[in-house]
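Chains as they are written, first to last, in this note's numbering: chain A, -16 to 296; chain B, -16 to 296; chain C, 450 to 740; chain D, 450 to 740.
All residues carry an ideal CB built from backbone N, CA and C; glycine is no exception.
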Ligand SMILES: [Zn+2]
Ligand SMILES: [Zn+2]
């Protein structure tokens, strides 16, 4: 049966490529999806399945989460330095009766908007907009919610010229020092430094089929094995699923997804987390600032903690 | 005799233009300068005389002040955002036994360097470099010395695109909140917002023949009288000399200049102010932070203080 | 009823001789002519309207969407439910003894029935109290002299003292030349007040309206925690013509307009006039912590 | 005497099998070959030197000025008067159970006689005490895994606890792939430590040496209060080849070099190797407040 699944997935991949080229094979696609779905009830998904889900074009994007989760959302633009990055949506709105600053990496829906949003890959302006709005949240003592969904940092000339390394580095220190609670939810792809720049948070949650990794499986395979086509293999050894990260203690909560996760099924997911977000933020907000910062420090301090060998001077 | 001076000055101006075009008339220039000098002993200078002096190509520039005043100067570059502005020199060095952060608007010496330095007109990166180094001075509790010498803000496309208005505005609020002493010396031209962006300081000093104005006399004449050739007339009504500003209470100290102010005579001027700089900074540094900020606030609060008319509800 | 009685003395819209909307340029300094009487021409598309019709559209051209310049009183009427003016009459100033300045000031006062180019007071916007300052581009080009600087500084200090949010509608041709260095120092004076207010945790919303230029741009216009702008607003530091002379090329159409500034990252949001009140009250509520 | 006895246990330069200077690329991953024996070829101009001569020039090519890559121990010898290593032997880690990782690590350890890609300790530089961490580009490309992250974090925490300035010499190909997400989290872990150190008023000087790339650039390399770089140092986040593939054009020669970063505003100063010690001690003195 595992064999059959693999075959169906291969076929599906090819059909979807055709569909993307404008050839309508949607019926054939749906048929195989149904078959796959039936099979999967019995088999746990492997990492590559989750990679595919995490990247699915039908998967809800940050703007849809905001639409569904946040009331009276007011978007604010710009880094006050160079530009406004459409790959990052930032603003303020109500979750329940609490005003939050919300920052979302936005992949966009539809080809045109995906191009405009640079497929969720931030330029330095995007990190700096986020920093500005984070500092503002701190000034007004508002909790922050970050939605992470990015393939990773952007490999453009301008991004290097304008210091994306510096921009990410500054996001890390700013988040390290933020005196308000920060919750991050990885909703799709959590790729490399681009994801980390919004994830030095008091709690990091992941959607059930999201991934969080040091770089894309393709990039990993390319660097380590000189063969980017070995991405599937890479995804298995990289340990990038929500389940992996939860077992490492790097993720505080894995949010259950419906079988078919899309804009249609998003509201039920939102309802399952809304209260949790508000309550979690309130719990951290209740801490004295020193305790909040200490807790955040210790959370990350424990990651990759290595001890000295015994018996040494 | 005033007439004769004016004639000599007009001749001098024309001769210097020739000289700038590569025709050697230096002897004729020197002769008239000497005559002028002899005459000036008896007559107070008018504003335009000072404008000419403030803009004199032989007048010492910021880098020369630093060279002469500061020991172990270590220049630091860049705004960490977009670029390094050669029109602003920033760094740390010793004045006496005190480490200062020094920020100087630099016009440059010689045509090539003047072009590189953009004639002392900052781009937004320049203000942002200054801000960065000011915040760093604050972190390390170092006093700051600013040397102002700029015709004004830069009228370039990029400067607007990258928000020179925002950059100057941010310099003003950062200086307003700085918890370390700041001394500004206007050494040549203190032009408009570009000068103010380094002058929200605990003490503002001016060199005897420097000017400090809302914009250049040429710009003023152009805006108000639609005739930029009336710059000389404008300079008289604008009240832009160190003596004017001292009488307005906007300048705390006017530093005497030698008759011929140049790199040769600079060291004597430096010796006359070195101790004063160190002692002034020390006096402000001795204040509690709240008192320092309050004093600075009240200093500027009094400028253009307008009262309500009496007898009103 | 636009102006409701609250804690402070209330004011009425004065019987101004100024037209409801203002022309692009100051007539005295740029030699243009304010259209007389009941008609007004859209400076963007050239459409001619009855002035009365413009009132029903809040001064927005219904043909092209251009946001025509508004007087400060009209602006206040559109935005606030309650407005209690800080009823001040400031001393006249001419700190440089600038020839002809008093006379020019007097003519603007006479014509506008206003004392100066900014009105300040306590406002209520959809039940949210705040300190409001509104500049008037029609008063000597909205230039900033000592009185404007003083009134704005007092407003900021009041916001700090009463722990209220601060909203400033900017509209300015820049510093007031006739007050020279005193005008420049108003930028510092206001900035110090805003920084002190900000350190105390105050919220400051800067609203940029046409035109926001010069020293105002280089100070409080750009110091807002949040900066919103009306569509099409001219926002810049250096003047367009000066830049064109410097770089010797014609600047593109949208240069220094609000949309350009948004793209360049200097404006948080562009808000059409008919959404301004709702936007401001939404921001105030979000920062007041009460839905 | 380079390594003088102080408070901590002192160490000797190990009898390493590595050449004095390092080649541009990691030989294992890029298929290049370390030149054998007593000669070394300048990767910039091609000149061939006796390795011994390079020692007298601090590893700088006397023909073209190229700053060849140095091992961490050699770097420490050049910079410090006293160095007391935090004499740690960290547990081996393979958090992902990555196939072959232990073996690869063991081979690097064997070859370099070092435990990992960073050396940390207390240093004295011209009578100024500081905490010093020096990365080694030769150890698995200077990649950052949990041990490197832990050692640097401990160094930062030590600087905070002892109120000493911190200097980190960066040299890294980026995150260590074999430790996956654990490598990524080292960026966060170190950043938290640096922010806490900085809030306590500590001075951190970041020194960028060839190459400083990837996750190190996107964290502590760019978090210095002051950032200095050796001439010609490669500094970037994304790899040159990846960018070229993305934008489909060849990048200019100086792209991502220290001089480029200086111009773009990300580096405070470029400091040639023979001035590094003097520069660092000058900065330390200026921040120590004692001339
Ligand atoms: Zn129109
Ligand atoms: Zn060479």
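In this chain, the alpha helix (DSSP H) harbouring residue 527/C covers 521 to 528. Along the length of the region 675 to 717 of chain C, whole alpha helix (DSSP H) runs at least 4 residues long occupy 689 to 696, 707 to 712, reported in chain order. Counting only the Cα atoms, residue 200/B lies some 27 angstroms from residue 18/B.
With a cutoff of 8 angstroms on beta-carbon distance, residue 216/A and residue 29/A are scored as not near each other.
If you ignore the 5 residues before and after residue 715/C, its C-beta comes within less than 8 angstroms of the C-beta of 671, 676, 684, all in its own chain and listed in chain order. Inclusion of residue 658/C and residue 619/C in the CB contact set at 8 angstroms is warranted, their separation being smaller than that value. The Cβ of residue 156/A sits closer than 8 angstroms to at least one Cβ of chain D. Taking a contact as a CB-CB distance under 8 angstroms, the pair residue 57/A and residue 75/A counts as one, their CB atoms being some 5 angstroms apart. Short of 7 angstroms from the beta carbon of residue 203/B, and not among the five residues preceding or following it, lie these beta carbons of its own chain, in chain order: 217, 221. A distance criterion of 7 angstroms places the beta-carbon of residue 106/A beyond contact range of ligand 2, judged by its closest non-hydrogen atom. Shown here, residue 236/B sits in a strand according to DSSP, grouped into three states.
Proximity of the region 46 to 64 of chain A to the region 729 to 739 of chain C meets the contact definition, three or more beta-carbon pairs being nearer than 8 angstroms. Among the residues facing chain B, residue 137/A is not included, as its CB has no counterpart in that chain under 8 angstroms away. For residue 155/B, the enclosing alpha helix (DSSP H) has its first and last residue at 147 to 160.
Non-local C-beta neighbours of residue 97/B in its own chain, meaning closer than 7 angstroms and more than five positions away in sequence, comprise 90, 91, ordered along the chain. When rounded, the separation of the alpha-carbon atoms in residue 707/D and residue 687/D is 15 angstroms.
Taking each of 610/C, 651/C, 603/C, 667/C in turn and checking the Cα distance to residue 291/B, the smallest one comes out for 603/C. Residue environment for residue 719/D: buried (at least 16 other C-beta atoms within 10 angstroms of its C-beta). Our two residues, residue 624/C and residue 63/A, have alpha carbons roughly 23 angstroms apart in a direct line. Counting other Cβ atoms within 10 Å of its Cβ, residue 529/C reaches 16 or more and is therefore classed as buried. By the neighbour-count definition (other C-beta atoms within 10 Å, threshold 16), residue 128/B is a buried residue. One Cα belongs to residue 646/C, the other to residue 639/D, and the distance between them is close to 35 angstroms. Contact check for residue 81/B and residue 119/B: beta-carbon distance about 16 angstroms, past the 8 angstroms limit, so the pair fails to qualify. Inclusion of residue 660/C and residue 586/C in the CB contact set at 8 angstroms is warranted, their separation being smaller than that value. Residues of chain A whose Cβ lies closer than 8 angstroms to the Cβ of residue 713/C are, in chain order, 61, 65, 66, 67.
Looking at 704/C, 680/C, 655/C, the one whose alpha-carbon comes closest to that of residue 721/C is 680/C. Boundaries of the beta strand (DSSP E) harbouring residue 190/B: 186 to 190, taken from the DSSP string. When 126/A, 168/A, 213/A, 151/A are compared, the shortest CA-CA separation from residue 270/A is found for 126/A. At a cut-off of 8 angstroms between C-beta atoms, residue 145/B counts as an interface residue with respect to chain A. In this structure residue 711/D is not in contact with residue 87/B, their Cβ atoms being roughly 19 angstroms apart against a cut-off of 8 angstroms. No heavy atom of ligand 2 is found nearer than 7 angstroms to the CB of residue 101/A. Using a Cβ distance threshold of 8 angstroms, residue 668/C and residue 155/B count as a contacting pair.
Judged by pairs of C-beta atoms under 8 angstroms, the region 591 to 602 of chain D touches the region 625 to 633 of chain D, as three or more such pairs exist. Ranked by how close their Cα comes to the Cα of residue 584/D, the residues 666/D, 507/D, 641/D, 555/D have 666/D in first place. Among the residues of chain C, those whose CB is under 9 angstroms from the CB of residue 122/A are 647, 650, 652, 674, following chain order. Taken in chain order, the members of the region 537 to 565 of chain D whose beta-carbon sits within less than 8 angstroms of a beta-carbon on chain A are 537, 538, 539, 540, 542, 544, 545, 547, 548.
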